[in-house]
Structure formats: structure tokens, C-alpha cells
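Below is one structure, written out as C-alpha cells, with a few remarks after it.
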């Protein structure tokens, strides 16, 4: 008889349109789940004041980034505003192998790449309850111009189109419930017989 | 943009070797989950004192049972000690369609039948932490003879062989954790994008 008290690790990808409350949800999840770790991305972007190497990002040259990509050292990568961002594979895969829950906070195009190289990964989409609520949240921040809010709302439709690629959708209506749903997904996936450690 | 605040129903099958703590786990689960309902089986067995029609069982004749089976009115059925037991399909499917979580507490041969007619069902196996712990629990009950405990331990290997048929395994080491895992599985499955209500 197999004994499965030792728990399997898990690679969790979290995406969601801006304003869906992804960061706040993940903060709560991290507070409540012991063995969770967030991945640190590699980027060709210059460090901003206060950003620490290995904590906020691994800052690398364009040459080094291209080498990492070519050598399969990245789980996923994407360009954003002229800079490259990618998830180094080694620490994530080592964490999962050691039984940790590794969370990647990335966009849909990255999620597709992760699913391709790690079919066992779990893809979670955090979405706002509806359009009107998202617009209200963006306005409440008081940091975004009308023009920006309009562009964000246009981007929403495009971001929501990726939803069917994901295994799970967590509708963030009440923050505490959304965090609880993400934690439930993590707990459930670790109980999957297909992940059982022999 | 779709809005999925209305939650999908779910058909959950729970099995597990005797002594794994399935009943105690399910009791806790029921206390903590609002919209859960347990299925009432049909049986050809005579009612025992205190058993109520429609609450503990639907008591039917052998002819009626055979008719139900033939008409596809049962999700699953099995013989046990000369009597027939089966799960009437209609109330379960109606409950799930109305957004309820319907739980069937049945054995592996029934679970296989349910999975066949309801591919969307979720199969959960509750298992004891290990052989020694199960033997200790059976002895602690002080209701079982040595002979019966021996036979149960022999049956355990056979029951555990069904584990790979199940989607999830919950190892019942600490009762409260086991209940929490079952609740997490229910919550996670309701967040599946494949179950999203349009």
C-alpha cells in the first residue's frame, strides 16, 4: 500500500487582466500557504531604483538573455515595451521537484509556453466579476487617466479571450473568496492521483 | 465578457476502504459546505427498524429495481449480500443541473459506472495513512472480532487497487485536514473553465 503523506510539488501559472485584483489575491495566497514560492524573472531591462538583483529580477544583457532562450534555460519569454522578460527554468523545476508550489505571475502568451513544456502545470485565470466592476476599480485607483482606462477596457476583451486556455477561472468578486479559491485549487491539484509520489 | 458568479453543480463520488474515516470526513464536509446533498439509494433490502423511506433508502421490490436498472433510471447499481442497491439518476442529475453538489458514497464498481455515464463526475478516494494505522483504528472501535479485522486488512489491498481509477486521493491522517481537502476539491472543480456556465 502506497503512502502519500509526502506532498507533490506544483507549478501554478496565474494570469488575469489588470484590475482583476491578481496581485492582492496572490499576496493573500502567499500569506496563507506555507510552501509557496514566486518565480523571479530574468529581464534585459535596466534596474529601477530600489530593485535588487535576484529579488525583483535577474538583470541580464541582451546577449545573455538570447543565450538563455536558445539553450532552453527559460520556461517562457516575452517582449514588453522593447525589453525582454523570461522565467528561468532551473529554480522553478528544482522547487517543484522538492515539493514546493511555484507560482508564475505571467501573461497568456507565457502561459501557453509553460503549458507546452510542462504539461503538468496548472493554469489559473483571475478575472473581474464583470466589465462595469473592473471600470469602477480602475477609476477608484485614481492613478489612471481617462484615456488609459479606455485603453485598458479595450484590452480586456482581448485578455478575456485567452480564458479557455486555462484550467481554472477564479472570479474575484470578494478578495478573500478569490484567495480561498486559489488555495483550494492548489490543495486539490496536490491530491490528484496522477501526481501521486510512489 | 462572461460573468460566472452563478456556480456550476457537481457530481462527486466518494469511496474508500472501511476504516479510512470516510463517514466522519463526509460529516464534516457536509457541515461546512452549504449547497451539498447526499444521494439516497434504492434497495431491494427490507427496511430495518428506524429506517425511513426516502430518507435512508427508497425501498423497492426486486421487479421494480430490475425495471429501474433496465430503463436507465439508475446511475449505478451493485449487489451486496444478496440485496441490490442503486443510485436513482433523476434526483442527482436534477440537483447538479440546479447548481448543487451531489455526493455519492459508493464503492469502486459503482464509481466506474458513474464515470461511464457522467464523464464530468469527480471521483475522490479517501484512504487511511497506512496499513498499521488502519489496523489500529479498526481495533480501537472494539466492535470487530480478530477474524473480521484480519479479513478487512486482506480486503484493503483489493480496495486500494482501485485508487488509479480516481481523480483525487485524500489521505485521512488528520480528520480536519481530510475534510478540508475534500472541500478544496469541490471548490476547485467548480472553478474549472470547462464547467463554466455560459
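Residue numbers (this note's numbering), protein chains in the order written: chain A, 1 to 198; chain B, 1001 to 1198. Cβ atoms here follow ideal geometry from the backbone N, Cα and C, with glycine treated the same way.
One thing to note: residue 124/A has its Cβ within 9 Å of the Cβ of residue 170/A. Any Cβ of chain B closer than 9 Å to the Cβ of residue 166/A would place that residue at the interface, and such an atom is present.
One Cα belongs to residue 7/A, the other to residue 188/A, and the distance between them is close to 12 Å. For the set 68/A, 63/A and 89/A, the Cα lying nearest the Cα of residue 75/A is the one of 89/A. Judged by DSSP secondary structure, residue 31/A falls within the alpha helix (DSSP H) whose first and last residues are 22 to 32. Residue pairing for residue 77/A: DSSP places it in a beta bridge opposite 86/A. The Cβ neighbour count for residue 22/A, taken over all protein chains shown within 10 Å, is at least 16; the residue is labelled buried. By the beta-carbon neighbour count (other beta carbons within 10 angstroms, threshold 16), residue 1139/B is exposed. Straight through space, the alpha carbons of residue 179/A and residue 36/A are spaced by roughly 14 Å.
Counting only residues of its own chain and dropping the five nearest sequence neighbours on each side, residue 134/A has a CB closer than 6 Å to the CB of 19 and 128.
Between residue 1169/B and chain A, the shortest Cβ-Cβ separation is below 9 Å. Spanning the alpha carbons of residue 1150/B and residue 1190/B requires a straight line of approximately 40 Å. Not one beta carbon of chain A lies nearer than 9 Å to the beta carbon of residue 1094/B. At the C-beta level, residue 1057/B and residue 1049/B stay beyond 9 Å of one another.
Short of 6 Å from the beta carbon of residue 1186/B, and not among the five residues preceding or following it, lie these beta carbons of its own chain, in chain order: 1101. Using a CB distance cut-off of 9 Å, residue 1151/B does not count as an interface residue toward chain A. In this structure, the beta-carbon distance from residue 1166/B to residue 193/A falls below 9 Å.
Residue 94/A sits away from residue 65/A, with the two beta carbons spaced by 9 Å or more.
Note on geometry: alpha-carbon atoms of residue 1141/B and residue 1091/B lie some 35 Å from one another. In terms of Cβ geometry, residue 1078/B and residue 1109/B form a close pair [threshold 9 Å].
In chain order, 95, 96, 97, 98, 99, 100, 101 and 102 place their CB closer than 8 Å to the CB of residue 9/A, counting only its own chain and leaving out the 5 sequence neighbours on each side. If you compare the alpha carbons of 196/A, 83/A and 182/A with that of residue 16/A, the shortest gap goes to 182/A.
Think of a sphere of 8 Å around the beta carbon of residue 1193/B: the chain A residues whose beta carbon falls inside it are 125, 163, 164, 166, 167, 168 and 169, in chain order. Taking every protein chain shown into account, the CB of residue 1145/B has fewer than 16 other CB atoms within 10 angstroms, so this residue is exposed. Ranked by how close their Cα comes to the Cα of residue 163/A, the residues 1195/B, 1155/B and 1136/B have 1195/B in first place. Per DSSP, the unbroken alpha helix (DSSP H) holding residue 182/A starts and ends at 175 to 190.
Inclusion of residue 1045/B and residue 1083/B in the CB contact set at 9 Å is warranted, their separation being smaller than that value. Residue pairing for residue 42/A: DSSP places it in a beta bridge opposite 58/A and 86/A.
Beta-bridge annotation (DSSP): residue 12/A is paired with 103/A and 122/A. In this structure, DSSP gives residue 1133/B a helical state, which the three-state scheme calls helix. Between residue 1014/B and residue 1112/B, the C-beta spacing is not below 9 Å. At a cut-off of 9 Å between beta carbons, residue 189/A contacts chain B. Residue 1039/B does not reach chain A, its nearest Cβ partner there being about 22 Å away, counting only Cβ pairs nearer than 7 Å. Measuring C-alpha to C-alpha distances from residue 72/A to each of 104/A, 118/A, 81/A and 105/A identifies 118/A as the nearest. By a beta-carbon distance limit of 8 Å, residue 1121/B contacts residue 1011/B. Their separation comes to about 4 Å.
When beta bridges are read from the DSSP output, residue 117/A appears opposite no residue.
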